[in-house]
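There are 2 protein chains.
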Amino acid sequence: MSLTETSSSKCFGGVQKIFSHDSKELGCKMNFAIYLPPQAEDGKVPLIFWLSGLTCTEQNFITKAGAQRAAAEHGVAIVCPDTSPRGLNIPGEDESWDFGSGAGFYVNAVVDPWKKNYRMYSYVTQELPELVFENFPVLPDKISIMGHSMGGHGALICALKNPGKYKTVSAFAPICNPSQGQWGQKNFSGLLGPRGSGDNDLWAQYDATLLLKSYVGPPMDILIDQGAGDPYLHELLPENFVKACQAVNMPVVLQMREGYDHGYYFIASFIDEHIKHHARYLKA
Amino acid sequence: MSLTETSSSKCFGGVQKIFSHDSKELGCKMNFAIYLPPQAEDGKVPLIFWLSGLTCTEQNFITKAGAQRAAAEHGVAIVCPDTSPRGLNIPGEDESWDFGSGAGFYVNAVVDPWKKNYRMYSYVTQELPELVFENFPVLPDKISIMGHSMGGHGALICALKNPGKYKTVSAFAPICNPSQGQWGQKNFSGLLGPRGSGDNDLWAQYDATLLLKSYVGPPMDILIDQGAGDPYLHELLPENFVKACQAVNMPVVLQMREGYDHGYYFIASFIDEHIKHHARYLKA
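Chains as they are written, first to last, in the UniProt record's numbering: chain A, 1 to 284; chain B, 1 to 284.
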């Protein structure tokens, strides 16, 4: 697969790059960002995937979170995909800020007209990792995943649906139980169809709180930071996820941060702790 | 003067806020950003002014530089104004990216139709500081100034034209000798008129390299970081400034950073060092 480098800037001794490529899963051109720490000049390094929230592109995290400093310190790479397919001219794709473009929700859609292209789950767990392993000095068996809001949901489900693939997972203000919130319900209805039951309950296969019940794999040390002043708490429902973790003895730490909201100033304030958490497992 | 708070987010234990106000100097509504570190809850803190570059608003530095972490650590506030008056409907104000809106160049214009409003020098050295001192827990006798590119020029001239007012000054990739570069010549011509001579050489009164010759005041420990891979080096001319400093025994450190460009990934990589430099003089 061919990559086109669209920007490259030295940053904290490493390099922050953006690439575009033609995605087979999504059927469109996609951008992703990769930060390579200085250690990547001398050998392969571990890799953290970052999944962003509603309305974001591959740019938000790399410009606003200030993660490169800690990534350089710990010698880990970070890859950030865009949050949905782009420019497909699907009717309705640009009509609302929380559905369609910028809102892939990290699922594989099964409903027309979305199912052909809205396959962000396969993109972020298969196509993008393979592309990155082929083209950059990263260690395929030392990867982990984190994200924010919709991307926190994405990180949790990717980790829970692929036991052992990711060494750890963390999230900022993740949508923890999308079946129970308006954002999740709107996107699951639109992309997955009406909620089914039993084996036909596709929603449950993309809901972190529900996935926990069927998780079989190594315990993961899950780290969640949540602003206590976040105006979207009713969409996020971290307490549901923590209860579900406790029920199955999954280690989880939920750090409620007094006064913090849902935005990147919150993420920047605690990103160092998250990267340190990931580095601990990636370099073990 | 009345301030309107337009946003507020907790960040590294302090708070990042944006305000708007009606500026008398500029004759329009202006936004500025202020970061108050956690220490400002218990008393007055020192203050650094940050001046941004061409095309920027009050947002660029606060979202991209990652300065709040070090500001919180050292207990200093940071104020970031916008880079020009806005929305005045002056003919030509929005025709080029490097003149008019987003390009106030930190001078007081004397040429019509700009001279009524394009008074960024007085705004950033007088009106804005007074507004900030009146409304926030900062120490008026513990202030310093820094900036980037056009704003690095702004920081250097503000410090050199007001001996003793700022405890120190630093800059990232500043336009050091604007009389000799195309950006400077375009803006000086447009805002100050054709270059005069002797006492009528208004350009020299806003050119850091030329101002050094007439500086009478305490020596300042000037810190400059410059990307060696910066594509705009021919506009910036740091070597001219350093030579002029050496001629008058002004302490200056110019750190040429191999491989770094002109953007915020460069600034973010070294902002900690600059804030530490300022804190050393602000807290002395």
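We put the beta carbon where it would ideally sit given N, CA and C, even for glycine. Note that this is a predicted model, so its numbers are computed, not measured.
Just the Cα atoms here: how many angstroms apart are A/S144 and A/G193? For the purposes of this step, residue 144 of chain A is taken as the residue at position 144 of the first sequence. For the purposes of this step, residue 193 of chain A is taken as the residue at position 193 of the first sequence. A/S144 and A/G193: Cα-Cα distance of roughly 30 Å.
Can you tell me which of the three DSSP states B/L237 falls into? Indexing the second sequence from 1 puts residue 237 of chain B at position 237. Note: B/L237 maps to coil in three-state DSSP.
I need the DSSP call for A/P140, collapsed to helix, strand or coil. Your numbering for residue 140 of chain A matches position 140 in the first sequence. The answer is strand: DSSP assigns A/P140 an E or B state.
Any C-beta of chain A within less than 8 Å: which residues of the region 48 to 80 of chain B qualify? T63, K64, G66, Q68, R69
Determine the direct distance from the alpha carbon of B/T55 to that of residue 293 of chain B, and round the result to whole angstroms. There is simply no residue 293 of chain B to check, as chain B begins at 1 and stops at 284 in what is shown.
Taking B/A268 as the query, report the chain A residues whose CB atoms sit under 8 Å from its CB, ordered along the chain. Counting from one through the second sequence, the residue named residue 268 of chain B turns up at place 268. Per Cβ cutoff of 8 Å: C11, F12, G66, Q68, R69.
Does the beta-carbon distance from A/V76 to A/P37 come in below 9 Å? Stepping through the first sequence from its first residue, residue 76 of chain A is reached at position 76. Stepping through the first sequence from its first residue, residue 37 of chain A is reached at position 37. Closer than 9 Å, so yes.
Please report the Cβ distance between A/A228 and A/M250, rounded to the nearest whole angstrom; I am assuming they are in contact, meaning their Cβ atoms lie under 8 Å. To locate residue 228 of chain A, count along the first sequence from 1; it is residue 228. To locate residue 250 of chain A, count along the first sequence from 1; it is residue 250. That belief does not hold up - the Cβ atoms of A/A228 and A/M250 are roughly 23 Å apart, past 8 Å.
CB contact check: A/D261 to chain B, cutoff 9 Å: For the purposes of this step, residue 261 of chain A is taken as the residue at position 261 of the first sequence. Chain B contact via Cβ: present.
Considering just the uninterrupted stretch of the beta strand (DSSP E) at B/S170, what are its terminal residues? As a position in the second sequence, residue 170 of chain B is number 170, starting the count at 1. From DSSP, the beta strand (DSSP E) with B/S170 extends over 169 to 172.
Let me check understanding here. Comparing Cα to Cα, which of A/N135, A/W203, A/P238, A/A67 lies closest to A/K44? Within the first sequence, the letter at position 44 stands for residue 44 of chain A. Nearest of A/N135, A/W203, A/P238, A/A67 to A/K44, Cα basis: A/N135.
So which of B/I222, B/Q185, B/V216 has the shortest CA-CA distance to B/G207? In the second sequence, residue 207 of chain B corresponds to position 207, counting from 1. Correcting the residue type first, residue 207 of chain B is Asp in the shown sequence and not Gly. Looking at the Cα atoms, B/Q185 is the closest of the given residues.
Using a Cβ cut-off of 8 Å, pull out every chain A residue sitting near B/Y232, in sequence order please. As a position in the second sequence, residue 232 of chain B is number 232, starting the count at 1. Chain A residues near B/Y232: none, gap ~14 Å exceeds 8 Å.
Note down, in chain order, every chain A residue with its Cβ under 9 Å from the Cβ of B/Q16. As a first step, residue 16 of chain B must be located in the second sequence, where it is residue number 16. By Cβ distance, chain A contributes Y265.
As an exercise, report each continuous beta strand (DSSP E) stretch of at least 3 residues that is fully enclosed by the region 8 to 33 of chain B, in chain order. 14 to 23
Rounded straight-line distance, which links the Cα of B/G196 to that of B/W203: Reading the second sequence from its first residue, position 203 is the one you call residue 203 of chain B. Reading the second sequence from its first residue, position 196 is the one you call residue 196 of chain B. When rounded, the distance between both Cα atoms is 8 Å.
Quick one: Cα of B/A171 to Cα of A/K276, how far? Along the second sequence, one-based indexing puts residue 171 of chain B at 171. Along the first sequence, one-based indexing puts residue 276 of chain A at 276. For B/A171 and A/K276, the distance between alpha carbons rounds to 31 Å.
For B/Y35 and A/C245, what's the separation of their Cα atoms in angstroms? Start at 1 with the first residue of the second sequence, and residue 35 of chain B comes out as number 35. Start at 1 with the first residue of the first sequence, and residue 245 of chain A comes out as number 245. Answer to the nearest angstrom: the Cα atoms are 38 Å apart.
is_contact[B/G229, chain A] using C-beta, thresh 9 Å: Here the question's residue 229 of chain B lines up with position 229 in the second sequence. For B/G229, the answer is yes, since a Cβ of chain A falls inside 9 Å of its Cβ.
For a quick check, are the C-beta atoms of B/H274 and B/M146 less than 9 Å apart? Along the second sequence, one-based indexing puts residue 274 of chain B at 274. Along the second sequence, one-based indexing puts residue 146 of chain B at 146. Yes, they are a contact pair.
For A/W97, which residues of its own chain have a beta-carbon under 8 Å away from its beta-carbon, when the five flanking residues on both sides are left out? Within the first sequence, numbered from 1, the residue matching residue 97 of chain A stands at position 97. So the list reads L54, T55, A103, once near-sequence residues are dropped.
Can you confirm whether residue 287 of chain A, when its beta carbon is compared against all beta carbons of chain B, has any partner nearer than 9 Å? Only positions 1 to 284 of chain A appear in the structure, and residue 287 of chain A is not among them; the question remains open.
Under three-state DSSP, which class holds A/M120? In the first sequence, the residue the question calls residue 120 of chain A occupies position 120. Helix, per DSSP.
Own chain, CB closer than 8 Å to B/P91, minus 5 neighbours either side, in chain order: Counting from 1 along the second sequence, the entry for residue 91 of chain B is found at position 91. Cβ within range, chain order: P113.
Cut-off 6 Å between Cβ atoms - residues of its own chain near A/N108, not counting five sequence neighbours on either side: Stepping through the first sequence from its first residue, residue 108 of chain A is reached at position 108. Once the five neighbours on either side are set aside, the close Cβ partners of A/N108 are R119, Y121, S122.
Could you check whether A/C158 and A/Y215 sit closer than 9 Å to each other, using their CB atoms as the reference points? Within the first sequence, the letter at position 215 stands for residue 215 of chain A. Within the first sequence, the letter at position 158 stands for residue 158 of chain A. The answer is no: Cβ separation not under 9 Å.
Along the chain, which unbroken stretches of the beta strand (DSSP E) at least 3 residues long are found entirely within the region 31 to 90 of chain A? 45 to 51, 77 to 81
Rounded to the nearest angstrom, what separates B/E258 and B/D230 at their Cα positions? The sequence position of residue 258 of chain B within the second sequence is 258, counting from 1. The sequence position of residue 230 of chain B within the second sequence is 230, counting from 1. Between B/E258 and B/D230, the C-alpha separation is close to 9 Å.
Where B/V132 and B/V15 are concerned, what is the direct C-alpha to C-alpha distance, given to the nearest angstrom? As a first step, residue 132 of chain B must be located in the second sequence, where it is residue number 132. As a first step, residue 15 of chain B must be located in the second sequence, where it is residue number 15. Each residue's alpha carbon lies about 15 Å from the other.
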